[in-house]
Structure formats: structure tokens, C-alpha cells
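Trainee: Numbering (the working numbering), first residue to last: 222 to 704. We treat Cβ as the ideally placed atom computed from N, Cα and C, and that holds for glycine. Since we're looking at a predicted model, the values are computed, not measured. The structure is given below, and queries will be raised subsequently.
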Amino acid sequence: MASKHFRVRRVALAATLCGAACGALQAAEVVTVTARALPSIAGFGGVDAASLPLAVDAIGSEQIAERGARSLADLVRLDAAVSDAYNAEGYWSAVSVRGFTLDQRYNYRRDGLPISAETWIPLSNKERVEILQGTSGVQAGTSAPGGLVNYVVKRPTTDLREARVEWRERGSVLATADLSQRFGDDGRFGVRLNVGGERLRPEVRAADGSSRWFALAGDWRVVPGTQLEAEFEWSRHAQPSVPGFSLLGDAVPDAARIDPRININNQPWSLPVVFTAQTASLRWRQRLAAGWQFTAHGAVQVLRNDDRAAFPFGCTDAASGTYYMDRYCPDGSLDLYDYRSEGERRRVVALDLRFEGTLAAGGVEHRLSTGLMASGERDRLPRLAYNYAGPGDIAADTIVPPAPALTSEGTQRDERSVELYARDRVALGAAWTLWLGARVTRVTRDSVLTDGSQATHDARTFTTPWLALSHALDAHTTLYASW
């Protein structure tokens, strides 16, 4: 989160009873007072979080660093409305907001553009993470209820040289560097580099891994009012996943019986889950006449995943012959499956064209934003293994043979979306604001299995309107009602 620095000049005057001989104006001291700036939330024209008619968490880079957060899952404890949703060690982050699990394909954004969160997303090059709570039709044409997560990328700033080394748990070691420099006439060019790597040795056994990332962002102030911004990010995370635990029959496991360090995915043939991601974006900002601005922002994300695990699922109780499909047996036995989905490929492209500005009409001021967003996702999931390997147990001390045959079909998915949107912020005096918005979305989806069977097609158009009225009680508190 950005900080603002204010210089306060303190002048000490010598009070005297003895006239001019006792002194006069003393030397001035400079005291720096630092205040944390309220962030402006992406897509709302520079409005800070405290003024929006939405419940928003804006978690800045300072808070991320202070918590030692490595992923979104490490930030969920900052708000009671945000919680884990099967956040397994070694896997991608999954969260729920207000009890609704966010969809990895529809509820995540990067600088306001849609991305797939079916990967590991590093935080060291993120300026902040925004979590919008509630239905999100104002921001997205398609999403699950609960809210949105938006990752805001760090951009070039004034000269910065920062390095960090951390050690924790059984010997996990992190090293990162954040370097930024402006150069050229009047700092016309800027560049920012974020690099890092980590050796992962968590408390959970058989879950050692590693992660590496590289991110480069640059900007060019071409002429006054014209700016180009580009950025690229590469990351790789490799770590065996840790399956979630389950009920033992109809009973909640006794904490005294369960060792939280046990990883049931602990077979000699267990392989790490590997997430490799590349993302690049280009943004053009152009200031227009009468205080208006045009922004063109495009991005592409390319993912490759190798998803593998000795996966525990259900069991047959030897004593009663009962088959449990959604839990382990009362005696702690379970069924192990060899799951391998290697070479998964996902690609997301997005383009947002937006005009925003201010005009006076009907005796009030309108802050308008209107534009078009087009996006598409292409998923290619190959044939996979999901085969019964043998009986296991919660102590993870039973060895079963691998079963890697590719016996199940994968899915080929294509989706295209075009969204026309408009938002209006109407100032109804010093404290009252009326918010209006609408988004018309055309979405087309196609899917088919890798053997050509079970083809599906869906195309539809829908509109998501939005209305809110807010009253600013003070600079940091807003009362609002929204629909």
C-alpha cells in the first residue's frame, strides 16, 4: 500500500525573561510524519475503499510482508468474512467469502482483467490484494456469488532497493529482491524488477518443495497525458500436495489421535504438483479533452499444470461391509487412488477498452465510466489417471503399488465473453452519492471430452444492473444501501 510523507517544520522559540540576551529563534528541526494512504479500488475511477458502497478488504504489500504471506490462503485471517476453502499445502489457494466458495475461473482478476486462479500466484510483486465481498455484477459479467479477488501489480516507482531473507518452520528459506529505477528526462522511463525463490520445508511431512518467480514492469511517459505500461511475470511452484482429512465414519477425528504433520500423499511413487505460469499485459492511458481519459488494457495468461497425488477417497469398512464414499472408515482405513493429470494447459486473454470522465448534467456532477471488455479462455486437459491403487490408512504407513494408466478422459473447454458496461457516480451534495451501473454480457461456452464425446454448447446474453446510495459520515466511514 502506498504511503504519503508529509514534512512538518517545527520551530522552537526561546521564551525569555531576560530579553534578547537569552536567545532568539532556534534552529528549525524537520520531522517526517508518515500516513498510510487509502487505496483506490480498481475500476472505480480513483475512489478510495472507504467511500465505496461495497465491503472491500485492500491488503497492501506492507501487510503482506509483515504476515510473511506467500499466497492468498495466508491472508484469509484478516477478515472474519473470508475463510479457507480446502487450502491444501502444495496446491492453489481456494477461499470462500461470506460462505460462498469463489470460482477459480471466474472470481479472480489481475489489475481488473480476468485470470484463471487454477495456479500458484506469487505475492511479492503485488502492490495489494483487493477482496470485494458480495455479489459482483458491477465488476464481472460472470462470477460465483461471494465476491471477487483482484491482484494489483507493483509498478515502477522512485529509486528503490529492497531485499528480504526469511527463515521459518523446519528450514524453509525465502530470498527476494525488489528493485525500481526511474531514468531519462524528468524520469520519463521507469522499470521495476521483482525476483525471488524459496525452499519449502513445511511442518507437514513429505511436502518439501520449491518456488521461483521473476516479474518485470516498465512504463514510458511518452508525452504529457500519454503513458504506456507493460509487465511480465513468470513463476514455478513444485511441491507435493497434502490431501485434506475427513470424518472417521460418523465421528469427528479425535485431535489426540491425529498427528497434523502426517501427509497421506506419501507413497514412494508420489510426485509433486507443478504449477508454471506466465502472464503479460500492456496498458495505454491517454488523457483527453475536458478531463476525460481513455484506457486500453490487454493481457494474456498461459498456465501449465502437472496435478498429481496419491489421493485418499472413501473406503469399505471391513467390519460392517459399509462403503463410505465421502469419508474414511471408523478404524482409520481408506482407499488410495493414483491421480495424475499431467500437461494441463490453460490460456486466458482479455482486453478492456474504457472511457471515463466527469460532466455536469441536471445540476449535479456525474463521474462516468463506460467501456467494453472481451475475454476468452482455452483449457486443454489431457487424458488422466484416476485409478484405485489399494487400501491405506490415516497413519500413512501403508505402501501400495502405483496405477498410472491413463484410463479417464480429459476435457477441452473454450469460452468467450463480451461485456458492455457503464457506471455513473452522481454527487448529490457534499456527503451523498448515488451509484448506478449496468453490464450486458454475451457468453459462449463449448466443451468436449478428449475422445470427442459429451460435447456441449451454451450461448446466452444477460444483464446485471446495480444501484447504491451512500452517505459519508466522515473521511473514513460510509453508510450505504445497495441492490
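Can you say whether Thr221 is buried or exposed, counting buried as having 16 or more other CB atoms within 10 angstroms of its CB?
Mentor: What is shown of the chain runs 222 to 704, which leaves residue 221 out entirely.
Trainee: Identify which residue in Asp528, Arg525, Ala501 has its Cα closest to the Cα of His518.
Mentor: Ala501
Trainee: Could you check where the alpha helix (DSSP H) with Ala361 kicks off and where it finishes?
Mentor: It is not in any alpha helix (DSSP H) - Ala361 carries neither H nor E in the DSSP assignment.
Trainee: Does DSSP put Ala256 in a helix, in a strand, or in coil?
Mentor: Summary for Ala256: the model assigns pLDDT 46, below 50, so the residue's position carries little reliability, and this model does not support an answer.
Trainee: Could you spell out the range, first to last residue, of the beta strand (DSSP E) harbouring Arg349?
Mentor: 347-354
Trainee: Within a Cβ cutoff of 6 Å, which residues of the same chain sit near Val359, ignoring the five residues on either side of it in sequence?
Mentor: Gly658, Trp687
Trainee: Whose C-beta lies closer than 6 Å to the C-beta of Val639 among residues of the same chain, with five residues either side of it excluded?
Mentor: Excluding residues up to 5 positions away in sequence, Ala595, Arg663 lie with their Cβ nearer than 6 Å to the Cβ of Val639 in the same chain.
Trainee: Would you mind giving the Cβ-Cβ distance between Tyr329 and Ile336, rounded to the nearest angstrom? I have them listed as a contact below 8 Å.
Mentor: 5 Å
Trainee: Can you tell me where the alpha helix (DSSP H) with Gln284 in it begins and where it stops?
Mentor: 282-288
Trainee: For a test of the three-state rule: what should DSSP assign to Ser401, helix, strand or coil?
Mentor: In the three-state reduction of the DSSP assignment, Ser401 falls in the strand class.
Trainee: For the region 499-544, which segments carrying the beta strand (DSSP E) assignment without a break, of at least 3 residues, lie completely within its bounds, in sequence order?
Mentor: Segments of the beta strand (DSSP E) lying fully in the region 499-544: 514-533.
Trainee: Less than 8 Å between the CB atoms is what I'm expecting for Arg413 and Pro377, so what's the real figure, rounded?
Mentor: 4 Å
Trainee: Tell me whether the region 491-501 and the region 451-464 touch, counting them as touching only if at least three CB pairs, one residue from each stretch, are closer than 8 Å.
Mentor: yes
Trainee: Between which two residues does the beta strand (DSSP E) carrying Asn371 extend?
Mentor: 368-374
Trainee: Pull up the distance between the alpha-carbon of Ser393 and that of Leu589, whole angstroms please.
Mentor: 49 Å
Trainee: Looking only at DSSP bridge pairs, what is Ile659 linked to?
Mentor: Residue identity check: residue 659 is Ala in the sequence provided, not Ile. Its beta-bridge partners are Ala643, Pro686.
Trainee: Looking at the structure shown, is Leu602 part of a helix, part of a strand, or coil, going by DSSP?
Mentor: When secondary structure is reduced to three states using DSSP, Leu602 falls in the coil class, being assigned neither helix nor strand.
Trainee: Please list, in chain order, all residues of the same chain as Phe534 whose beta carbon is under 7 Å from its beta carbon, the five residues on each side excluded.
Mentor: Asp556, Tyr558
Trainee: Using C-beta distances below 7 Å, list every residue in its chain close to Ala276, excluding the 5 sequence neighbours before and after it, in chain order.
Mentor: Gln354, Gly355
Trainee: Output the boundary residues of the beta strand (DSSP E) element that contains Arg442.
Mentor: 430-444
Trainee: At what residues does the beta strand (DSSP E) containing Glu387 begin and finish?
Mentor: 381-389
Trainee: Give me the residue from Arg349, Tyr312, Leu593, Trp656 with the minimum Cα distance to Pro493.
Mentor: Tyr312
Trainee: To which residues of the same chain is Ala689 closer than 6 Å at the C-beta, ignoring the five residues directly before and after it?
Mentor: Pro274, Trp656, Tyr701, Ser703
Trainee: Tell me which residue opens and which closes the beta strand (DSSP E) that Asn415 is part of.
Mentor: 410-421
Trainee: Measuring alpha carbon to alpha carbon, tell me which residue in Arg634, Ala361, Thr447, Arg291 is nearest Val350.
Mentor: Arg291
Trainee: Leaving aside the five residues before and after Arg575 along the sequence, list all residues of the same chain whose C-beta is less than 6 Å from its C-beta, in chain order.
Mentor: Thr516, Gly592
Trainee: For Leu449, which three-state DSSP category applies?
Mentor: strand
Trainee: Consult DSSP for Asp547 and reduce its assignment to one of helix, strand or coil.
Mentor: coil
Trainee: Does DSSP put Arg478 in a helix, in a strand, or in coil?
Mentor: Reduced to three states, the DSSP call for Arg478 is coil.
Trainee: Figure out for me which residue from Thr698, Arg637, Leu694 has the closest Cα to the Cα of Asp679.
Mentor: Arg637
Trainee: Alpha carbon to alpha carbon, what distance is there between Ala511 and Thr447?
Mentor: 15 Å
Trainee: Hey, Ala693 and Ala652: beta-carbon distance below 8 Å or not?
Mentor: yes
Trainee: So if DSSP puts Tyr307 in a beta bridge, which residue, or which two residues, is it bridged to?
Mentor: DSSP output for Tyr307 lists no bridge partner at all.
Trainee: If you count every other CB in all the chains shown that lies within 10 Å of the CB of Gly278, and 16 or more means buried, which is it?
Mentor: Note on identity: in this sequence residue 278 is Asp, with Gly being the wrong assignment. Asp278 is buried by the Cβ-count criterion.
Trainee: Looking at Glu390: is its Cβ nearer than 8 Å to the Cβ of Pro343?
Mentor: Cβ atoms of Glu390 and Pro343: not closer than 8 Å.
Trainee: Taking the DSSP output, what are the residues bridged to Glu563?
Mentor: Asp527
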